[in-house]
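Asker: In this text, residue positions in the sequence shown follow the working numbering: the first is 443, and each later residue adds one.
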Amino acid sequence: MSILEWAAHFKNIRCLLLFDPESPPAEEAIGWIVKKHRWRQVGIGESLADLHPRFKDHPFVPLAYPSQEIKGVVKGLAEGSPLWLLESVALALCYSAPLLCFEREVFDALEPLLTWVLRAADVPEAEEIRHLRISGYVPVDFFPQVKESFLALKEGGEALEKLIERRKEEAERDGRKRFWRLKERPEAPPFVGYLDLLPPLARERERIVPFLEEETVGLLLSITAALHFWPPPWGRPKGEGG
Numbered sequence: 443m444s445i446l447e448w449a450a451h452f453k454n455i456r457c458l459l460l461f462d463p464e465s466p467p468a469e470e471a472i473g474w475i476v477k478k479h480r481w482r483q484v485g486i487g488e489s490l491a492d493l494h495p496r497f498k499d500h501p502f503v504p505l506a507y508p509s510q511e512i513k514g515v516v517k518g519l520a521e522g523s524p525l526w527l528l529e530s531v532a533l534a535l536c537y538s539a540p541l542l543c544f545e546r547e548v549f550d551a552l553e554p555l556l557t558w559v560l561r562a563a564d565v566p567e568a569e570e571i572r573h574l575r576i577s578g579y580v581p582v583d584f585f586p587q588v589k590e591s592f593l594a595l596k597e598g599g600e601a602l603e604k605l606i607e608r609r610k611e612e613a614e615r616d617g618r619k620r621f622w623r624l625k626e627r628p629e630a631p632p633f634v635g636y637l638d639l640l641p642p643l644a645r646e647r648e649r650i651v652p653f654l655e656e657e658t659v660g661l662l663l664s665i666t667a668a669l670h671f672w673p674p675p676w677g678r679p680k681g682e683g684g
């Protein structure tokens with residue numbers, strides 16, 4: 443992929459749709475996404491883009507890895523989580539976008555990559571859309587940490603472990619401040635979580651070291667958000683939340 447192809451979509455993606463390829467989105471889900479994203483793009487992981495003919499048309503955009511090194515890193519992590527899941531998270535980071543899913547099982551599959559989660563219920567559709575927009579700033583605002591994280595990952599050692607812990611604390615602090623409008627309810631389903639690939643990358647550091655000579659791998663080292671809209675917004679009585 444050329445730098446110009448990547449730049450054409452960087453930060454122009456409103457969200458990346460996350461789903462299990464064994465259970466592609468229903469027509470109602472696709473119709474809702476099309477209706478709500480007339481003017482913005484919705485990304486689809488490259489290995490999922492052929493699962494529905496609508497994914498070839500606006501607002502959907504199949505996303506490719508900006509470099510082969512990034513693809514190699516993702517495959518190096520694939521023993522811990524499904525490849526389709528890691529690919530979607532990685533591409534969301536590469537294009538500075540949040541992820542959106544409608545299935546609880548899919549959000550739960552993110553658990554090894556989550557560094558903070560907020561649970562909320564009865565969120566009206568308008569507020570879901572608002573918080574999807576707000577979540578788009580998460581990877582942008584954490585992007586200044588990418589260089590420090592990339593160098594720490596290359597060097598390893600105690601400094602890397604301290605950085606991982608610091609990022610976890612900063613993610614929780616940021617999330618509580620950013621999503622202050624949401625009333626946290628511990629018994630409710632998860633609504634938003636922060637995703638950080640630095641911890642799993644650190645655990646697999648020896649395996650991925652050859653790819654760390656390529657700076658584009660640093661695109662994986664921001665932090666992004668995943669939102670879980672449940673129950674799905676289509677079909678609810680008007681004004682009813684999840």
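Where a beta carbon is used, it is the ideal one built from N, C-alpha and C, also for glycine.
Are the Cβ atoms of L533 and G487 separated by less than 8 Å?
Answerer: If you number the sequence shown from 1, residue 533 lands on position 91. If you number the sequence shown from 1, residue 487 lands on position 45. Yes; because the gap between Cβ atoms is below 8 Å, this pair is in contact.
Asker: Thinking just about the alpha-carbon of each residue, which of K498, E570, I455, R496 is nearest to the one in A623?
Answerer: Along the sequence shown, read from residue 1 onward, the residue named residue 623 stands at position 181. The question names Ala, but residue 623 is Arg in the sequence shown. Looking at the Cα atoms, E570 is the closest of the given residues.
Asker: So what does DSSP say about H500, is it helix, strand or coil?
Answerer: Start at 1 with the first residue of the sequence shown, and residue 500 comes out as number 58. Collapsing the DSSP output to three states places H500 in coil.
Asker: Nearest to Y507 by CA position, among P674, I665, L661, is which residue?
Answerer: As a position in the sequence shown, residue 507 is number 65, starting the count at 1. With distances taken between Cα atoms, Y507 lies closest to L661.
Asker: Can you give me the Cβ contacts of A471 inside the same chain, cut-off strictly under 8 Å, excluding the 5 residues immediately before and after it?
Answerer: Locating residue 471 in the sequence shown gives position 29, where the first residue counts as 1. Once the five neighbours on either side are set aside, the close Cβ partners of A471 are F544, P674, W676.
Asker: For F671, tell me which candidate among P628, A450, L460 has the shortest Cα-Cα distance.
Answerer: Counting from 1 along the sequence shown, the entry for residue 671 is found at position 229. The shortest Cα separation from F671 among P628, A450, L460 belongs to L460.
Asker: Within a Cβ cutoff of 8 Å, which residues of the same chain sit near A551, ignoring the five residues on either side of it in sequence?
Answerer: Within the sequence shown, the letter at position 109 stands for residue 551. Contacts found: D462, S523, P524, L527.
Asker: DSSP three-state call for F592: helix, strand or coil?
Answerer: Working through the sequence shown from its first residue, we reach residue 592 at position 150. Note: F592 maps to helix in three-state DSSP.
Asker: Spatial neighbours of F592 within its chain, please: CB distance less than 6 Å, with the 5 preceding and 5 following residues excluded, ordered by chain position.
Answerer: Reading the sequence shown from its first residue, position 150 is the one you call residue 592. Only G660, L663 meet the Cβ criterion.
Asker: Tell me the residue span of the alpha helix (DSSP H) that contains Q483.
Answerer: The residue given as residue 483 occupies position 41 in the sequence shown. That residue, Q483, is in no alpha helix (DSSP H); its beta strand (DSSP E) goes 483-487.
Asker: Whole angstroms are fine: how far does the CA of Y579 sit from the CA of S538?
Answerer: Numbered from 1 along the sequence shown, position 96 holds the residue referred to as residue 538. Numbered from 1 along the sequence shown, position 137 holds the residue referred to as residue 579. Straight-line Cα distance between these residues: approximately 8 Å.
Asker: Measuring only from the beta carbon, is P586 closer than 7 Å to any heavy atom that is part of the ligand MG?
Answerer: The ligand MG is not part of the structure shown, which contains no ligands of any sort.
Asker: Would you mind sorting R620 into buried or exposed? The rule is 16 or more other CB atoms within 10 Å of its CB.
Answerer: Against the sequence shown, residue 620 aligns to sequence position 178. With 16 or more Cβ atoms within 10 Å of its Cβ, R620 is classed as buried.
Asker: Can you tell me where the beta strand (DSSP E) with V548 in it begins and where it stops?
Answerer: One-based indexing of the sequence shown puts residue 548 at position 106. Counting along the chain, V548 falls outside any beta strand (DSSP E), though it belongs to the alpha helix (DSSP H) covering 546-551.
Asker: Let me check understanding here. Comparing Cα to Cα, which of L560, R615, V582, E611 lies closest to E629?
Answerer: As a working note, residue 629 is residue 187 in the sequence shown. Comparing C-alpha distances from E629 to each of L560, R615, V582, E611 shows the shortest one belongs to L560.
Asker: Taking its Cβ as the centre, do 16 or more other Cβ atoms sit within 10 Å of L574, making it buried, or is it exposed?
Answerer: One-based indexing of the sequence shown puts residue 574 at position 132. Its Cβ being crowded by 16 or more others within 10 Å, L574 is buried.
Asker: The alpha helix (DSSP H) spanning I571 covers which residue range?
Answerer: Here the question's residue 571 lines up with position 129 in the sequence shown. Per DSSP, I571 belongs to the alpha helix (DSSP H) from 567-577.
Asker: So what's I606 in DSSP terms, helix, strand or just coil?
Answerer: Translated into the one-based positions of the sequence shown, residue 606 becomes position 164. The DSSP-derived three-state label of I606 is helix.
Asker: Let me make sure I understand the geometry here. Which of E553, P501, L505 has the alpha-carbon closest to that of S530?
Answerer: As a first step, residue 530 must be located in the sequence shown, where it is residue number 88. Nearest of E553, P501, L505 to S530, Cα basis: L505.
Asker: Looking only at C-alpha atoms, which of D583, K625, S509 sits nearest to E656?
Answerer: On the sequence shown, residue 656 is found 214 positions in, with the first residue counted as 1. With distances taken between Cα atoms, E656 lies closest to S509.
Asker: Out of H479, V515, L490, which has the shortest C-alpha to C-alpha gap to R645?
Answerer: For this step, residue 645 is matched to residue 203 along the sequence shown. Nearest option by C-alpha distance: V515.
Asker: Hey, could you find the ends of the beta strand (DSSP E) L541 is sitting in?
Answerer: As a position in the sequence shown, residue 541 is number 99, starting the count at 1. Unbroken beta strand (DSSP E) run through L541: 541-543.
Asker: Just to confirm the assignment, what range does the beta strand (DSSP E) spanning L556 have?
Answerer: The residue you call residue 556 lines up with position 114 of the sequence shown. Start and end: 556-561.
Asker: I need the DSSP call for F633, collapsed to helix, strand or coil.
Answerer: Counted from its first residue, the sequence shown places residue 633 at position 191. Strand at F633.
Asker: Between L640 and R609, how many whole angstroms is the CB-CB distance? I'm expecting something under 8 Å.
Answerer: Here residue 640 corresponds to residue number 198 of the sequence shown, with the count starting at 1. Here residue 609 corresponds to residue number 167 of the sequence shown, with the count starting at 1. About 6 Å; that satisfies the 8 Å criterion.
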